[in-house]
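K.L.:
Quick one: this structure, given as structure tokens, is what I'll be asking you about.
2 protein chains.
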Amino acid sequence: MTFQNAALVAVDWGTTNLRAAVLDEAGSVLDKRASDKGMGQLVPDEFEPVLVDLIWDLLSDGAVLPVICSGMVGARQGWQEAPYVSAPCKAAGMEQAMQVATSDPRLSVWILPGVSQAKPADVMRGEETQIAGFLSKFPKFDGVLCLPGTHTKWVRISAEEIVSFQTFMTGEMFSLLSTQSVLRHSVGADAMDIATFNEAVSDAMSRPQAVASKLFSIRAETLLADIPEEVARGRLSGYLLGLELSASRPYWLGMDVALIGDPALCGLYKDALEAQGCPSRVHDASDLTVAGQWAAYQSIKDTP
Amino acid sequence: MTFQNAALVAVDWGTTNLRAAVLDEAGSVLDKRASDKGMGQLVPDEFEPVLVDLIWDLLSDGAVLPVICSGMVGARQGWQEAPYVSAPCKAAGMEQAMQVATSDPRLSVWILPGVSQAKPADVMRGEETQIAGFLSKFPKFDGVLCLPGTHTKWVRISAEEIVSFQTFMTGEMFSLLSTQSVLRHSVGADAMDIATFNEAVSDAMSRPQAVASKLFSIRAETLLADIPEEVARGRLSGYLLGLELSASRPYWLGMDVALIGDPALCGLYKDALEAQGCPSRVHDASDLTVAGQWAAYQSIKDTP
């Protein structure tokens, strides 16, 4: 299969892997490719060969193929640093994209910058491209975006700009506590009791500091009362999310909230917000990064 | 060197290692031994050989050497389960010690039980023996014991009994976040800025829920403002301890607090409590477990 009409390669290059989409001149996806060569295992010189390896069949002599990258590839330890743009700012910071010098003349590589915030100190790298994609579909959106994940982002959007944002390590804490701590013996691996989860969320919201003591009680209840793993898991997840919702209240209270990310995880956020009287909508996140890269390309390709 | 006057072997048998003290008839320590054969790596049949291996030179035909064990050796997955005694109760639950059948007739092995609490659900296994040791030295103590560690215990003591207690996973969370999470790139390995630590404690105590968002800001400040590792470490430690002190307030507020454990860690707790107007004393914890096992032995040896 050949892709003679490939107009752009959009690369989401994270710490552990990369995903590339091949787009035609209209922004339609012709093909998708992936590799496990994340930036975490590469030194600067190794990025170009990895990229060429992934898209060699799209390159032809005498032609130049544009490649837009976003994510950790632009971090200080990445291919080339694309310094953060400071919020408030346009979502993908397209004007500040960095062009990377390549030894292969058939490539024209750009890296999109992340977004920073001075106070409270915060950073994002990758999410801003999803946000750009979301705003390319809903340019009039005025409200709050929540991107649940390892490091969940709450983002205030107005007039197509990222006004402010805040990051929560809830996902990473859940992962560490459920797989590495003493609680791993209690929470099991999969199912979660949703009623328990919702109860734990409101428990944590009414007395956030108590989360510090309630965590070990999950283990104790397994030992003393043999509570089911799905109950233990619901409690752990609910306590941590309740703590996050308690701290992020200024973001969601009385706001129009859009959730972007893994549907199951977004569903938990939606349930928890609903119990607090905050309606929200879950958006399909699957192609938002590509949409954001495409939107960035639209502006960059006209730059001299 | 021989120990013909050995009267008791006191074994603190935890998950990852065991420490044995050889005592004479007056309770003085004649010798100390250790092994890395913790209960976590042993099946029930393997405990006796490990013990014999450690004290073979103390055993003589025709004589029976008493051995008192405490710690995880008495858990369900240990040598033999010594079921929890339910608080309120005497510290080491000496009356409920379990005698273990051994194939070597020169041994008389007892396992001390842990202590449980039904509501809020909580358990301890090992700390109750330190508490017994503390109470054998300060039988009139009426107040609160705090045993900082991986799982810090706050324990209300009155009339030589454990009245109630609460466990916090602060130590384990600090360890996971500082070595396994994204914060490991920020906090370094050793030194901690104490002024930052104290500030973070009071920050967390005045707005406990904000800890959920302040954690990632440590990482962001490293990236944006290049804050020193000891400042980042002070902040992480302070936020987590502030969250614990906020939740454990009913334990320490207006109480006589005695800290037992690693002196450096106890020092951090002491500083943080002092800033909240709560004076406390740090006690040498090094021989409390042995003292508690000795106290238990005093009662058991008279049992028919």
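Chains A and B, in that order, give the protein sequences.
Residue 1 is where the first sequence starts when you use the UniProt record's numbering, and the numbers rise one by one after that.
Residue 1 is where the second sequence starts when you use the UniProt record's numbering, and the numbers rise one by one after that.
For every residue, glycine included, the Cβ atom is placed at its ideal position computed from N, Cα and C.
1) Round the Cβ separation of residue 112 (chain A) and residue 175 (chain A) to the nearest angstrom and send it over; I've been treating them as touching at under 8 Å.
2) Return yes when the Cβ of residue 280 (chain B) is within less than 7 Å of the Cβ of residue 273 (chain B), no when it is not.
3) Under 8 Å between beta-carbons, which chain B residues line up against residue 170 (chain A)? List them in chain order, please.
4) Is residue 81 (chain B) close to chain A? Criterion is C-beta to C-beta, closer than 7 Å.
5) Below 7 Å CB to CB, which residues in the same chain sit around residue 230 (chain B) once its five sequence neighbours on both sides are set aside?
6) Does the region 253-271 of chain A come close enough to the region 213-226 of chain A to have 3 or more Cβ pairs within less than 8 Å?
7) Tell me, please, which residues DSSP counts as bridged to residue 32 (chain A).
8) Buried or exposed: residue 105 (chain A), going by 16 or more other Cβ atoms within 10 Å of its Cβ?
9) In the DSSP assignment, find the unbroken alpha helix (DSSP H) run with residue 211 (chain B) in it and report its ends.
10) Quick check on the DSSP output: what are the complete alpha helix (DSSP H) runs of length 4 or more inside the region 87-149 of chain A, in order along the chain?
11) Chain B partners of residue 181 (chain A), CB-CB under 8 Å?
12) Chain A beta carbons: is any one of them nearer than 7 Å to that of residue 314 (chain B)?
13) Compare the beta carbon distance of residue 204 (chain B) and residue 242 (chain B) with 7 Å and say whether it is the shorter of the two.
14) How would you list, in chain order, the residues of chain A whose beta-carbon sits under 8 Å from the beta-carbon of residue 209 (chain B)?
15) Can you tell me whether DSSP reads residue 248 (chain A) as helix, strand or coil?
16) Curious, which full-length alpha helix (DSSP H) runs of at least 4 residues does the region 29-78 of chain A contain?
17) How should residue 110 (chain B) be labelled, buried or exposed, when 16 other C-beta atoms within 10 angstroms of its C-beta is the threshold for buried?
18) Nearest-angstrom Cα distance between residue 227 (chain A) and residue 72 (chain B)?
19) Using the rule of at least 16 other Cβ atoms within 10 Å of the residue's Cβ for burial, across every protein chain shown, is residue 298 (chain A) buried or exposed?
20) Does the region 157-171 of chain A come into contact with the region 138-147 of chain A, if we say contact requires no fewer than three beta-carbon pairs (one atom in each stretch) closer than 8 Å?
21) In chain B, which residues lie with their C-beta within 9 Å of the C-beta of residue 217 (chain A)?
22) Give the single residue among A:166, A:269, A:164 whose Cα lies nearest to the Cα of residue 305 (chain A).
23) Among B:209, B:277, B:27, B:80, which residue has its Cα nearest to the Cα of residue 244 (chain B)?
24) With a cut-off of 7 Å, does the C-beta of residue 116 (chain B) fall near any C-beta of chain A?
25) What does DSSP give as the partner residue(s) for residue 166 (chain B) in the beta ladder?
26) Between the Cα of residue 108 (chain B) and the Cα atoms of B:150, B:51, B:149, which residue gives the shortest distance?
27) Cα-Cα, which of B:80, B:86, B:183 is closest to residue 98 (chain B)?
28) Assign residue 29 (chain B) to one of two classes, buried (16 or more other C-beta atoms within 10 Å of its C-beta) or exposed (fewer than that).
29) Going by DSSP, what residues sit across from residue 283 (chain B) in a beta bridge?
30) For the beta strand (DSSP E) containing residue 12 (chain B), list its first residue and its last residue.
31) In three-state terms, what does DSSP make of residue 85 (chain B)?
32) Among the residues of its own chain, which have a CB less than 8 Å from the CB of residue 165 (chain A), if the five just before and after it don't count?
33) What residue range is occupied by the uninterrupted alpha helix (DSSP H) comprising residue 5 (chain A)?
34) If you run the structure through DSSP and keep just helix, strand and coil, what is residue 293 (chain B)?
35) Hey, does residue 202 (chain A) have any beta-carbon neighbour from chain B nearer than 7 Å?
36) Chain B partners of residue 220 (chain A), CB-CB under 7 Å?
P.N.:
Short version:
1) Residue 112 (chain A) to residue 175 (chain A), Cβ: 27 Å. No contact.
2) yes
3) 212
4) no
5) 188, 191, 192, 193
6) no
7) A:21
8) exposed
9) 211-225
10) 127-137
11) 169, 172, 173, 176
12) With chain B running from 1 to 304 in the structure shown, residue 314 (chain B) is simply not present.
13) yes
14) 208, 209, 243, 246, 247
15) coil
16) 44-55
17) buried
18) 21 Å
19) exposed
20) yes
21) 120, 121, 122, 166, 167
22) Limits of chain A in this structure are 1 at one end and 304 at the other, which puts residue 305 (chain A) out of reach.
23) B:209
24) yes
25) B:154
26) B:51
27) B:80
28) exposed
29) B:260
30) 8-13
31) strand
32) 87, 115, 117, 122, 124, 153, 154, 155, 156
33) Taken as a continuous stretch (DSSP letters only), residue 5 (chain A) belongs to no alpha helix (DSSP H), as it is neither H nor E.
34) helix
35) no
36) 121, 122, 123
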